[in-house]
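Student:
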Amino acid sequence: MTGTPARPAVLGAPPAFAEPLPVGQLRFPDRAAYRALFADLFAREYYTNQGPLAERFEARLAERLGVRHAVCVTNATIGLSMVAEALGLRGRVILPAFTFVASAQSLLWSGLEPVFCEVDPSTHHLDFAALERHLADGAAAVLAVNLWGGTGDPARLVALADRYGVPVYFDSAHAFGYTVDGHPVGGFGRAEVFSFHATKVLGAGEGGCIATDDDELAERLRNIRSSYGVRAPRAVYRTANGRMSEAQAGIGLLSLDALDAAIAHNRALREAYRSGLAGLPGLALVEPNRVETSNHQYLVLEVGAAFGLARDALHAALHAENIVARRYFHPGVHRQPPFSETPADLPQTDALCARVLQLPLGARLDADAAGRVCAAIRRIHDHAAAIRSLLGERQ
Ligand code: T4K
């Protein structure tokens, strides 16, 4: 770690951090608990196929999410494809383009046609008027995405789609631990799919789960996943080998024990960022939309003209400080292959993709480090004119 340079690193000062500080600060379980877990796993010589850890993890997830079924899977992407298969979807599925590419890729693997819908720039979630226009054109389903510790209005969304007889399911990869309208996120629509990727608030190394209150859908999902864990056989057209291993489930259980502490840590960091960025023009901290309780897993900024630098210039200047901010999601999925061949016309999504920036958050960061990220941003702002001319000359 270096001292506090008066100038930003992009103009030649030493970087604010000696080592790269990534956005995803992984949480590792207590080492002793981790060793005991793996000692037990090796002693039992049972690695996968709905073992006791996977069973226990599913029961605890269902309880925490307030749903009848949590079906654990290898990762969220395969979970999304499994839901599409279990619902028997064919044809067009409406989803936002302001999402991680996996949301749309899950549809391609299922032979479905993504129809990209505008998002509301004030919520970052599906725009209801645009959604209704797409519903009127006909669709097999809506795949809504919960982002940034927040959600759209899931009850309103499901009620709107119901009027058109269209099922809704949710990509809730970001959404573990929220409550909205007095309910944990997990029970809205036909199913919700969570990710336990290493960078998520609840990590299992890799992994995910499908939450649903629908007994029949859950049985179909268990049959699609693999023969192990099936409670009642169902004739399914395609299977997915989407099992969760015992190692994943074990890490997931340890992470679940630490979840509330992780959320409290995130909340404290958010407050540190809020006070560190206070008064800086042109920067808005995105608040978790519509929820009563958030997991605060993503720290999202919107960069406006008053900051003095465009989002991409701030991104480059932060990288020079070893602050590895990310432009989630840039470009929008409609501008990524193969969709970029005939990109949908989504001006609100494009504008949003051009101004959002994620800052580091998570286990390795403390309030002091968050303060130093904010101080670096302040220095960058103070030298905006010099940085503009430097980056302009380079381009
Ligand atoms: N839907 C949505 C809305 C999603 O955001 C995602 C995934 C999915 C669906 C699909 O879920 P899964 O099928 O993955 O379960 C990351 C994550 O890989 C991805 O899970 C996440 N969303 C997306 C928003 O971000 P990358 O390519 O930017 O992540 P990556 O691996 O570069 O990690 C970010 C940073 O974290 C790295 O720069 C370094 C640090 N890191 C990461 C890992 C994995 C570490 O220090 N150690 C590690 O082990 O996509």
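The C-terminal residue of the sequence shown carries number 383 in the numbering used here, and the numbering is unbroken. Just so it is clear, CB atoms sit at the ideal spot from N, CA and C, and this is done for glycine as well.
Mind checking residue -11: buried by the 16 CB within 10 Å criterion, or exposed?
Tutor: The residue labelled residue -11 in the question sits at position 1 within the sequence shown. Bear in mind that the predicted position of residue -11 carries a pLDDT of just 46, short of 50, making it unreliable; the figure below should be weighed with that in mind. Exposed, by the Cβ-count rule.
Student: Whole angstroms is fine: what's the gap from residue 175's alpha carbon to residue 214's?
Tutor: Within the sequence shown, residue 175 is the residue found at index 187, counting from 1. Within the sequence shown, residue 214 is the residue found at index 226, counting from 1. Spanning the two alpha carbons is a distance of roughly 24 Å.
Student: Give the DSSP-derived three-state secondary structure of residue 11 in the structure shown.
Tutor: Start at 1 with the first residue of the sequence shown, and residue 11 comes out as number 23. DSSP places residue 11 in coil when its eight states are reduced to three.
Student: Would you tell me roughly how many angstroms separate the C-alpha atoms of residue 340 and residue 110, rounded to the nearest one?
Tutor: Locating residue 340 in the sequence shown gives position 352, where the first residue counts as 1. Locating residue 110 in the sequence shown gives position 122, where the first residue counts as 1. Whole-angstrom Cα-Cα distance: 10 Å.
Student: Can you list, in chain order, the residues of its chain with a C-beta nearer than 7 Å to that of residue 383? Leave out the 5 residues immediately preceding and following it.
Tutor: Locating residue 383 in the sequence shown gives position 395, counting from the first residue. Any reading at residue 383 must be qualified, since the residue scores a pLDDT of 42, below 50, and its modelled position is unreliable; no value is offered.
Student: Going by the DSSP bridge assignment, what does residue 157 pair with across the sheet?
Tutor: As a position in the sequence shown, residue 157 is number 169, starting the count at 1. Per DSSP, 131, 179.
Student: For residue 154, tell me which candidate among 119, 160, 89 has the shortest Cα-Cα distance.
Tutor: Within the sequence shown, the letter at position 166 stands for residue 154. Among 119, 160, 89, the Cα nearest to that of residue 154 is on 119.
Student: Please give the ranges of any beta strand (DSSP E) in the stretch 26 to 58, keeping only runs that are unbroken, at least 3 residues long and fully inside the region.
Tutor: If we require 3 residues or more, the stretch 26 to 58 turns out to have no beta strand (DSSP E) run fully inside it.
Student: Straight-line CA distance for residue 48 to residue 171?
Tutor: Here the question's residue 48 lines up with position 60 in the sequence shown. Here the question's residue 171 lines up with position 183 in the sequence shown. One C-alpha to the other measures close to 17 Å.
Student: Of all the alpha helix (DSSP H) runs that stay within the bounds of the stretch 103 to 128, which reach a length of 4 or more residues?
Tutor: You should have 116 to 125.
Student: What residues in its chain sit with their C-beta under 6 Å from that of residue 265, if we drop five residues either side in the sequence?
Tutor: To locate residue 265, count along the sequence shown from 1; it is residue 277. Excluding sequence neighbours, residue 265 sits near 271, 362.
Student: For residue 101, which of helix, strand or coil comes out of DSSP?
Tutor: In the sequence shown, counting from the first residue as 1, residue 101 sits at position 113. Three-state DSSP puts residue 101 in a strand.
Student: Does the Cβ of residue 185 lie closer than 6 Å to at least one heavy atom of the ligand T4K?
Tutor: What you label residue 185 is simply residue 197 of the sequence shown in a count that begins at 1. The answer is yes for residue 185.
Student: If you count every other CB in all the chains shown that lies within 10 Å of the CB of residue -4, and 16 or more means buried, which is it?
Tutor: In the sequence shown, counting from the first residue as 1, residue -4 sits at position 8. It counts as buried.
Student: Do residue 291 and residue 345 have their beta-carbon atoms positioned less than 7 Å apart in this structure?
Tutor: Along the sequence shown, read from residue 1 onward, the residue named residue 345 stands at position 357. Along the sequence shown, read from residue 1 onward, the residue named residue 291 stands at position 303. Yes, the pair counts as a contact, with Cβ atoms nearer than the cut-off.
Student: Could you give the C-beta distance for residue 389 and residue 8, rounded to a whole number, given that I count them as a contact under 8 Å?
Tutor: This structure cannot speak to residue 389, because the chain is shown only from -11 to 383.
Student: Which ranges would you report for the alpha helix (DSSP H) in the stretch 216 to 284 if only whole runs of at least 4 residues count?
Tutor: For the stretch 216 to 284, whole alpha helix (DSSP H) runs of length 4 or above, ordered along the chain, are 234 to 245, 247 to 265.
Student: Decide if residue 377 is buried, meaning its Cβ has at least 16 other Cβ atoms within 10 Å, or exposed.
Tutor: One-based indexing of the sequence shown puts residue 377 at position 389. Exposed, because fewer than 16 other Cβ atoms sit within 10 Å of the Cβ of residue 377.
Student: Just how far apart, CA to CA, sit residue 364 and residue 15?
Tutor: Within the sequence shown, residue 364 is the residue found at index 376, counting from 1. Within the sequence shown, residue 15 is the residue found at index 27, counting from 1. Residue 364 and residue 15: Cα-Cα distance of roughly 25 Å.
Student: Hey, out of 123, 212, 334, 308, whose CA is closest to residue 76's CA?
Tutor: What you label residue 76 is simply residue 88 of the sequence shown in a count that begins at 1. When each option's Cα is compared against that of residue 76, the closest is 212.
Student: Below 8 Å, how does it come out for the stretch 188 to 208 and the stretch 156 to 168: are there three or more Cβ pairs, yes or no?
Tutor: Segments in contact, yes.
Student: Confirm the yes/no value for this check: CB of residue 111, any heavy atom of the ligand T4K, distance under 6 Å.
Tutor: Within the sequence shown, the letter at position 123 stands for residue 111. No.
Student: Would you kindly check if the distance between the Cβ of residue 194 and the Cβ of residue 63 is under 7 Å?
Tutor: Mapped onto the sequence shown, residue 63 falls at position 75. Mapped onto the sequence shown, residue 194 falls at position 206. Yes. Within cutoff.
Student: If you measure between the beta carbons of residue 138 and residue 343, is that distance less than 7 Å?
Tutor: The sequence position of residue 138 within the sequence shown is 150, counting from 1. The sequence position of residue 343 within the sequence shown is 355, counting from 1. Contact flag unset, no.
Student: Give a yes or no on contact between the stretch 65 to 74 and the stretch 90 to 105, applying the rule of three or more CB pairs nearer than 8 Å.
Tutor: Because the criterion of three Cβ pairs below 8 Å is met, the stretch 65 to 74 and the stretch 90 to 105 touch.
Student: Cβ of residue 10 within 6 Å of any heavy atom in the ligand T4K?
Tutor: Counting from one through the sequence shown, the residue named residue 10 turns up at place 22. Yes, the ligand T4K has a heavy atom inside 6 Å of this Cβ.
Student: Whole angstroms are fine: how far does the CA of residue 257 sit from the CA of residue 358?
Tutor: Here residue 358 refers to the residue found at position 370 when the sequence shown is read from its first residue. Here residue 257 refers to the residue found at position 269 when the sequence shown is read from its first residue. Each residue's alpha carbon lies about 7 Å from the other.
Student: In the DSSP assignment, find the beta strand (DSSP E) that holds residue 199 and state where it starts and stops.
Tutor: For the purposes of this step, residue 199 is identified with residue 211 of the sequence shown, where counting begins at 1. Taken as a continuous stretch (DSSP letters only), the beta strand (DSSP E) holding residue 199 covers 196 to 200.
Student: Could you work out which residue in 37, 22, 106, 26 is closest to residue 322 when comparing CA atoms only?
Tutor: Within the sequence shown, the letter at position 334 stands for residue 322. The candidate whose alpha carbon is nearest that of residue 322 is 106.
Student: Going by DSSP in three states, residue 324 sits in which element: helix, strand or coil?
Tutor: Numbered from 1 along the sequence shown, position 336 holds the residue referred to as residue 324. In this structure, residue 324 counts as coil in the three-state DSSP scheme.
Student: Mapping DSSP to helix, strand and coil, what is residue 290?
Tutor: Mapped onto the sequence shown, residue 290 falls at position 302. Here residue 290 sits in strand by DSSP.
Student: Between the stretch 13 to 27 and the stretch 238 to 249, do three or more beta carbon pairs fall short of 8 Å?
Tutor: They touch, by the three-pair rule.
Student: Identify which residue in 280, 297, 276, 52 has its Cα closest to the Cα of residue 287.
Tutor: Position 299 of the sequence shown holds residue 287. Comparing Cα-Cα distances from residue 287 to each of 280, 297, 276, 52, the minimum goes to 276.
Student: Is the CB-CB distance between residue 207 and residue 222 below 7 Å?
Tutor: In the sequence shown, counting from the first residue as 1, residue 207 sits at position 219. In the sequence shown, counting from the first residue as 1, residue 222 sits at position 234. Taking 7 Å as the Cβ cut-off, residue 207 and residue 222 qualify as a contacting pair.
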